[in-house]
Structure formats: C-alpha cells, structure tokens
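This report concerns only the one structure given below.
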Amino acid sequence: LSLLTPYLRCPSSAPTKTRFVAAGVPRKSFTHVMSTTPGASLTPVTVALDWTPNTNHAGFYVALSHGLYAAAGLAVTLRPPAHDASAGLTPAKQVTTGIADFGVGPSEAVVAVATADTDPSARLVAVATLCQAHMSSICCLASSGITRPRELEGKSYGSYVAKFENAIVRRMVIGDGGDADKVEFRTLVSSAEAESGESHAKGTVVETHLETGLADAAWIYTHWQGVMSSRSGRTLNHFSSTDYAIPHGYSPILHATRGTAESTTARAFLKSTAEGYKIASADPAAAVAALRECGHPSLADVGFVTASAESIKGCFLDDEGRWGRMDQ
438 LSLLTPYLRC
448 PSSAPTKTRF
458 VAAGVPRKSF
468 THVMSTTPGA
478 SLTPVTVALD
488 WTPNTNHAGF
498 YVALSHGLYA
508 AAGLAVTLRP
518 PAHDASAGLT
528 PAKQVTTGIA
538 DFGVGPSEAV
548 VAVATADTDP
558 SARLVAVATL
568 CQAHMSSICC
578 LASSGITRPR
588 ELEGKSYGSY
598 VAKFENAIVR
608 RMVIGDGGDA
618 DKVEFRTLVS
628 SAEAESGESH
638 AKGTVVETHL
648 ETGLADAAWI
658 YTHWQGVMSS
668 RSGRTLNHFS
678 STDYAIPHGY
688 SPILHATRGT
698 AESTTARAFL
708 KSTAEGYKIA
718 SADPAAAVAA
728 LRECGHPSLA
738 DVGFVTASAE
748 SIKGCFLDDE
758 GRWGRMDQ
C-alpha cells in the first residue's frame, strides 16, 4: 500500500494518442507494444496477462491508448498467455524467471511462490488489485442441474491447474456438505496443448469446454465469460468461493518481485496505470475503444465488450476513488 499511496490521487493528463505496433511479434499473439519516436529513450516494461485481453485489463489498455505510459517515459508491452515469449509459463513464473516485470493473476499466486523452493529475491509481492469486488465464480451450464458446490459430486471440474485452485474447489464442496473425493478434476486444454488455441481465441471456456462436455464446471470471471455467455443465450449457474467458507482474496492482482515493486520505474508505471483505470471507470466507451485496438478476435463484438465494460466499471476504484488499494 505504501507504494501506491503517493501516486493514486494525481490529476489525469491527456497526452497525444500513440499508435500501437507489433514489430517482431507474431500477429496471432496480439501483444501490445508502444511505438516510439526515433531517438526517444523509453524504459521497457513487460506485463504478463492472465487471459485474453479483456475488461479486467481495461486500465492498462487505456493507459497505452491515451499515451500515459509514453508520457511517463515507459515502453509498455502487454503480453497475453498465448504469446510465444510467455514460454508456456504462468504470469507468476514469467515474473520470477525475469521474462516479465509484472504479472496479473490471483492473490494465491503470491502465496504459491512464497511456499515454493524459490530464491527469496525472486519471491512476489502483491502490488495492486485490479478490482475492488470479487469478480470470479465457479460456473456450470444451467442445463446441467448443478446449482451449488456439493452437486459437483460425480461431476467433473475443469482446472487451470493453479497451485491452490483444486484445493479451493474441494474446500467449497466440503463447506457445502459434499464429498470432494467424488469430484473429478480434469485439466483444461490450454492454448499450448490445443492445436487451434480455441479457448484463448474465443476468450471463454464455457463454449470450448462446458458445452462440449470436456468439463461440467469451471472458474470464470463473471463480467467477461459470464456476460459473453448471457449474450449468446447460454444460462449459467454461479457460486462464489466467498459464500462457501473461503476467505476473501483479491483477484486479479498485479504482482512483481520486491526489487521491481520498489523501483522508480514501478512507481511511474503504477501512476499511469491508476490513471488508465480511472478513465475506464468514468468512461467505459474509452475502455472499449482502447481494448479493441489490439484486434483480438474475442473483442470483435463491440456490443459484448461494451456490456462487459459497463458491468465492471464500478469495481475498479474504492469508495474514495482510488485504484489498486487492498484494505481487506
């Protein structure tokens, strides 16, 4: 919190809009990097995203589109997980191995690294939360008849194989009076394993896994995959971990190593990012425009992206209008 406090109340500026280029990056990766004026000296910053570009990430893309990062002397790259440079690693692993400066992911990622046999200098700290509200849930197709965790007995859960994910789901089932040993945990087919990378192309596991029978339930962000499903005529049942004896954890968060988090570069990055999220909160249309500039296929439906941006706009800032604060 001490890292964020001096930087989250600054007035917004509006530098000239900067174009995106993808020099040296395969087009299918949808990585955003800043174009620069010849002779300009900008400090590179790489952010490893946790999923396809979506409204969770709106503030980053607004800061890029509005030139806030460039004005702060930063050349920021936003890297989705399907990008070749991600090397099949989670955002947390990309940060600890030094191929990304910041990562986006659940708060458990910080705990997972801390409990692993990791060089202390490579351990992570939670730098900021992207949203103030709990935005994720376990979902099932309404047609499955599953309405609560204990009804996952005899069913399958599609797992991203995060370190604590399956344990959390098991605890939800137990907290609801069910037998977690009767739940089958299946690994979701990742973009690295699937020839088409379909989940990452479509931005949803509902269509690629639940509707195809690869899993009966999966963890999603309700304002993204939930809104996407609703607009497609799919009815989902949701249950939140916080309703079943799981302590609150901010998700997603921005994390980094302590050395990076305490750097002057991080301070400049956080200041610009906070301004981007303030704009996204006040002007969802600006967030939609900034996101869609990256050209990812899951953003093609402007009506969907707008609906998602509207659903999340009130979750970016706390009651005092500050972004990133973690007080619980």
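Each residue of the sequence shown is one higher than the one before, counting from 438 in our numbering.
Each residue gets a CB set at the ideal place from its N, CA and C atoms; glycine is no exception.
Would you identify the three-state DSSP class for residue i, choosing helix, strand or coil?
i	result
Ala565	strand
His494	helix
Ala727	helix
Ile611	helix
Gly476	Because Gly476 carries a pLDDT of 47, less than 50, the predicted location of this residue cannot be relied on, and no value is offered for it.
Val598	coil
Trp656	strand
Glu747	helix
Ile683	coil
Trp488	coil
Leu754	strand
Leu651	coil
Gly663	helix
Ser669	coil
Arg560	coil
Arg587	helix
Ala551	helix
Tell me the residue span of the alpha helix (DSSP H) that contains residue i.
i	result
Val484	Note, Val484: premise wrong, no alpha helix (DSSP H); beta strand (DSSP E) at 480-485.
Ile536	No alpha helix (DSSP H) contains Ile536, which DSSP labels as neither H nor E.
Leu707	701-719
Leu505	505-508
Thr697	695-698
Gly643	First, the amino acid is wrong: residue 643 is Val here, not Gly. Element bounds for Val643: n/a, residue is neither H nor E.
Is it right to say residue i is buried, meaning 16 or more other beta carbons lie within 10 angstroms of its own, or is it exposed?
i	result
Ser745	buried
Asp616	exposed
Pro721	buried
Thr552	exposed
Pro463	Bear in mind that the predicted position of Pro463 carries a pLDDT of just 35, short of 50, making it too unreliable to give a figure here.
Ala529	buried
Val598	exposed
Residue i and residue j look like a contact to me (Cβ under 8 angstroms); what is the Cβ gap, rounded to whole Å?
i	j	result
Leu754	Ser718	5 angstroms
Thr527	Val484	Between Val484 and Thr527 the Cβ distance is about 14 angstroms, and since that is not below 8 angstroms, they are no contact.
Ile683	Ser573	At roughly 11 angstroms, the Cβ-Cβ gap does not stay under 8 angstroms, so Ile683 and Ser573 are not in contact.
Asp538	Thr697	6 angstroms
Asn674	Ala579	5 angstroms
Leu589	Val620	5 angstroms
Tyr681	Asp613	5 angstroms
Ala711	Trp661	At roughly 22 angstroms, the Cβ-Cβ gap does not stay under 8 angstroms, so Ala711 and Trp661 are not in contact.
Ala724	Thr489	No, Ala724 and Thr489 are not in contact; Cβ-Cβ is about 15 angstroms, not under 8 angstroms.
With a Cβ-Cβ cutoff of 9 angstroms, do residue i and residue j count as a contact?
i	j	result
Gly713	Gly535	no
Arg560	Thr533	yes
Ile611	Tyr594	no
Ala500	Ser667	no
Leu479	Pro518	no
Ala652	Arg623	yes
Leu707	His494	no
Ser415	Leu511	Nothing about residue 415 can be read from this structure; the chain reaches only from 438 to 765.
Ile690	Val564	yes
Phe676	Pro586	yes
Looking at the unbroken beta strand (DSSP E) that takes in residue i, where does it start and where does it end?
i	result
Ile575	573-578
Ala519	Where Ala519 is concerned, there is no enclosing beta strand (DSSP E), given that its DSSP letter is neither H nor E.
Glu621	621-624
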